[in-house]
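Let me begin by presenting the structure, written as structure tokens, before commenting on it.
In this note's numbering, the protein residues as written are 31 to 717.
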């Protein structure tokens, strides 16, 4: 059956039923006139005379000539919008009549004046509870009046509003919300009240796997409440797909927008009504975004689970379910992280939706390593399209990586310093073993979902899929810069943990601060850097007093937390021997950063000077590399000092500037200044 034919049948049936309501009105008007002791009173009905009422009833819209379908058309009429709505909301036949009576003024203006006449007050142009009972022949003292209680289907479902609560119950006015009127007239646009609060995801073909089949069975258990628990933000799309697999559309609630609502309960009621009108399910999450620890937030969730009785409600997040959040316990379903193939498929679809651009399969390995939900993937693809449009070119991998970084929340930035990488492999001067170790770190980060997830190389024990590395070496040997290069290689931001925000003199506070960092880091695509890590990852010691005991507790907590960490973390230390052996065992990669040799030092001098800075002809980098045993950080400091000296003298950087900067660096480091190192330059400096 075509949509046009279906809409025609829906409207014909509605008009026919409203025609029956008109017949009831005619009957009551006739009864009123027959019993009226002064039928010719010109003030009856506040200037609406019986003759005027008769004239109103004599004019009937052409559409109202429809009759109730019978015969072969009857099965189709039984599937009309009105009867489908009655079935979805659990309405009785009397409820349907009450709904039609309340609906009539919204579809035919004649009923406004007729109801005003019957109410004996033309300013009251909608039916009252008493008038609805009279039109249906229900005694006002009978049980019919209780069909307008707050818990009755008509009112609790949001189909009819009972206004003016200060009046006696029979004099209260009945109104049908605009969204219900529009639905019965064939309009499927969502309630404007939900704009910016929820989006509609129409059902679409999906491949039903074991997970979706399991969720579908959970929805059929009768409660309709399912809790999808996952370590990533992928469960929202799984919930939408599960509803689509059962032929349902999904209303996806934006929980952040919900928390911004001044009065969220009416919005939740509109959401549940919309779901019932569409025979759809509701998707809510992630729960951690709702921040249920704040006062009133748990009440919102409990209110929603109460309102949505009978509506499929899928709640997802990484945290467990609290029994206080609902009257009935949900059906729990564990959602594993998507495998690389599913992640690639999400990126492929998102790029087509955002820019109608074909996905390059060479990007698959890089993009599959990001831990993003389906909505975040779509957001990253949309951001990438905007980045590429600034240069007037198609989207490339760098644009998509920038889009991923744009999805990172600001929560971790309150606990760590965020650095967008601006260096690459060419900026590093390292020995080959160290480079290989960095490459292994990137390799593990890129393929961890396949190895640790699909191949289950880290099963049981609540172990996470994190990658932990240790960069050990002297100060200035390139540890922090190497972490930035690894982050750039993975297309991520670097988050440097500030130890001043972590270590606390009060017992237990350091562990709490670290937990906040690890929790936030698991939700972003970034590399977490603990600089000078031996300050908090030190060795456990024999317990001699309370200080030793609490220090050991901190170390024990960190050992446990590293096991369950799902992100990428780099620890740096100048004193590797100070780290506990248990920490070393949990590390995936250890990279040693030795003091550079003469060849590497010359390359460092050249890289640090760069190409933009003018150089004098007497600059001898070979001499500097051979004579001055400095690490990369010290060389960079010398180059910066030399640049300032040259800028002050308004000349290119020359050997005198470099020698003076090295002299200052030696003094800063407390090293001896020897003639054998400085040669003839030392005499010029000491004059």
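Glycine is no exception: its CB is placed at the ideal position from the N, C-alpha and C atoms.
Source: prediction; values computed, not measured.
At what residues does the alpha helix (DSSP H) containing residue 732 begin and finish? Because the chain spans 31 through 717 in this model, residue 732 falls outside it and cannot be assessed.
Verify whether the separation of the beta carbon atoms of residue 474 and residue 618 is less than 7 Å. Sequence index remark: in the chain shown, residue 474 carries index 444 (1-based). Sequence index remark: in the chain shown, residue 618 carries index 588 (1-based). Yes, they are a contact pair.
Rounded to whole angstroms, what's the CA-CA distance from residue 39 to residue 110? Just pull it up for me. Residue numbering aside, residue 39 sits at position 9 when the chain shown is read from its first letter. Residue numbering aside, residue 110 sits at position 80 when the chain shown is read from its first letter. The alpha-carbon atoms of residue 39 and residue 110 are separated by roughly 7 Å.
Counting Cβ pairs closer than 8 Å, one from the region 644 to 661 and one from the region 673 to 690, do we hit at least three? yes
For residue 339, which three-state DSSP category applies? For the purposes of this step, residue 339 is identified with residue 309 of the chain shown, where counting begins at 1. Coil, per DSSP.
Look at residue 135 and residue 127 and say whether their C-beta atoms are less than 7 Å apart. Within the chain shown, numbered from 1, the residue matching residue 135 stands at position 105. Within the chain shown, numbered from 1, the residue matching residue 127 stands at position 97. Against a cut-off of 7 Å, the Cβ pair of residue 127 and residue 135 comes out as no contact.
Does the Cβ-Cβ distance between residue 508 and residue 658 come in under 7 Å? As a first step, residue 508 is located in the chain shown; it is residue number 478 there, counting from the start. As a first step, residue 658 is located in the chain shown; it is residue number 628 there, counting from the start. Taking 7 Å as the Cβ cut-off, residue 508 and residue 658 do not qualify as a contacting pair.
Here's a check: name, in chain order, each residue in its chain whose Cβ is nearer than 8 Å to the Cβ of residue 366, leaving out the five neighbours to either side. Here residue 366 corresponds to residue number 336 of the chain shown, with the count starting at 1. Closer than 8 Å at Cβ, skipping near neighbours: 241, 260 and 483.
Taking contact to mean at least 3 C-beta pairs separated by less than 8 Å, is the region 511 to 518 in contact with the region 438 to 451? yes
Would the beta-carbon of residue 201 fall within 7 Å of that of residue 193? Looking up residue 201 in the chain shown gives position 171. Looking up residue 193 in the chain shown gives position 163. In this structure, residue 193 does not lie closer than 7 Å to residue 201 by Cβ.
Per DSSP, what are the beta-bridge partners of residue 229 in this structure? If you number the chain shown from 1, residue 229 lands on position 199. 282.
Could you have a look at residue 704 and say whether DSSP puts it in helix, strand or coil? As a working note, residue 704 is residue 674 in the chain shown. Residue 704: coil per DSSP, three-state reduction.
Just to confirm my understanding: we take residue 342, look at its own chain, exclude 5 residues before and 5 after, and list those with CB closer than 6 Å. What are they? Here residue 342 refers to the residue found at position 312 of the chain shown. Hits under 6 Å: 249, 254 and 311.
Around the Cβ of residue 664, are there at least 16 other Cβ atoms within 10 angstroms (buried) or fewer (exposed)? Numbered from 1 along the chain shown, position 634 holds the residue referred to as residue 664. With 16 or more other Cβ atoms within 10 Å, it is buried.
Report the residue from 387, 357 and 190 whose alpha carbon sits nearest the alpha carbon of residue 303. Taking the first residue of the chain shown as position 1, residue 303 is located at position 273. With distances taken between Cα atoms, residue 303 lies closest to 190.
Of the residues 301, 287, 238 and 265, which one's Cα is nearest the Cα of residue 277? Locating residue 277 in the chain shown gives position 247, where the first residue counts as 1. Closest option to residue 277, Cα to Cα, is 238.
Which residue from 274, 345, 333 and 264 puts its Cα closest to that of residue 283? What you label residue 283 is simply residue 253 of the chain shown in a count that begins at 1. Comparing Cα-Cα distances from residue 283 to each of 274, 345, 333 and 264, the minimum goes to 345.
Between the C-alpha atoms of residue 166 and residue 84, what's the straight-line distance to the nearest angstrom? To locate residue 166, count along the chain shown from 1; it is residue 136. To locate residue 84, count along the chain shown from 1; it is residue 54. Roughly 21 Å separates the two Cα atoms.
Is the region 456 to 466 in contact with the region 430 to 444, if contact means three or more CB pairs nearer than 8 Å? no
Assuming residue 408 and residue 440 form a contact by the criterion Cβ under 8 Å, report the distance between their Cβ atoms to the nearest whole angstrom. Counting from 1 along the chain shown, the entry for residue 408 is found at position 378. Counting from 1 along the chain shown, the entry for residue 440 is found at position 410. Going by Cβ atoms, the distance from residue 408 to residue 440 rounds to 20 Å, so no, they are not a contact pair.
Could you check where the beta strand (DSSP E) with residue 429 kicks off and where it finishes? Taking the chain shown and counting its residues from 1, one reaches residue 429 at position 399. Per DSSP, residue 429 belongs to no beta strand (DSSP E); it is in the alpha helix (DSSP H), 427 to 436.
Per DSSP, what kind of secondary structure is residue 362 in: helix, strand or coil? Residue 362 sits at position 332 when you count from the first residue of the chain shown. Three-state DSSP puts residue 362 in a strand.
Please confirm if the region 284 to 291 is in contact with the region 317 to 329, defined as three or more CB-CB distances below 8 Å between the two stretches. yes
Is the separation between the beta-carbon of residue 415 and that of residue 385 shorter than 7 Å? Here residue 415 is taken as the residue at index 385 of the chain shown, counted from 1. Here residue 385 is taken as the residue at index 355 of the chain shown, counted from 1. Against a cut-off of 7 Å, the Cβ pair of residue 385 and residue 415 comes out as a contact.
With H, G and I counted as helix, E and B as strand and the rest as coil, what does DSSP make of residue 561? One-based indexing of the chain shown puts residue 561 at position 531. Residue 561 falls in the coil class under three-state DSSP.
Look up residue 97 in the DSSP assignment and say whether it is helix, strand or coil. Walking along the chain shown from the start, residue 97 turns up at place 67. Confidence at residue 97 is low in this model, with a pLDDT of 48, below 50, so its placement is unreliable and the value that follows should be read with caution. Three-state DSSP puts residue 97 in coil, outside helix and strand.
Residue 525: first and last residue of the uninterrupted beta strand (DSSP E) it sits in: Counting from 1 along the chain shown, the entry for residue 525 is found at position 495. Residue 525 -> beta strand (DSSP E) spans 523 to 527.
Alpha carbon to alpha carbon, what distance is there between residue 43 and residue 33? As a position in the chain shown, residue 33 is number 3, starting the count at 1. As a position in the chain shown, residue 43 is number 13, starting the count at 1. The alpha-carbon atoms of residue 33 and residue 43 are separated by roughly 15 Å.
Thinking C-beta only, is residue 598 closer than 7 Å to residue 497? Position 467 of the chain shown, counting from 1, holds the residue named residue 497. Position 568 of the chain shown, counting from 1, holds the residue named residue 598. Going by C-beta atoms, residue 497 is nearer than 7 Å to residue 598.
Run through DSSP, which three-state label would residue 243 get? Within the chain shown, numbered from 1, the residue matching residue 243 stands at position 213. Of the three classes helix, strand and coil, the one that applies to residue 243 here is helix, per DSSP.
Candidates 298, 373 and 279: which alpha carbon is nearest residue 285's? Taking the chain shown and counting its residues from 1, the one referred to as residue 285 is at position 255. The shortest Cα separation from residue 285 among 298, 373 and 279 belongs to 298.
Does DSSP put residue 256 in a helix, in a strand, or in coil? Working through the chain shown from its first residue, we reach residue 256 at position 226. Strand.
What would DSSP say about residue 44, mapped onto helix, strand or coil? As a first step, residue 44 must be located in the chain shown, where it is residue number 14. Helix at residue 44.
Between which two residues does the alpha helix (DSSP H) carrying residue 297 extend? Taking the first residue of the chain shown as 1, we reach residue 297 at position 267. Element bounds for residue 297: 294 to 308.
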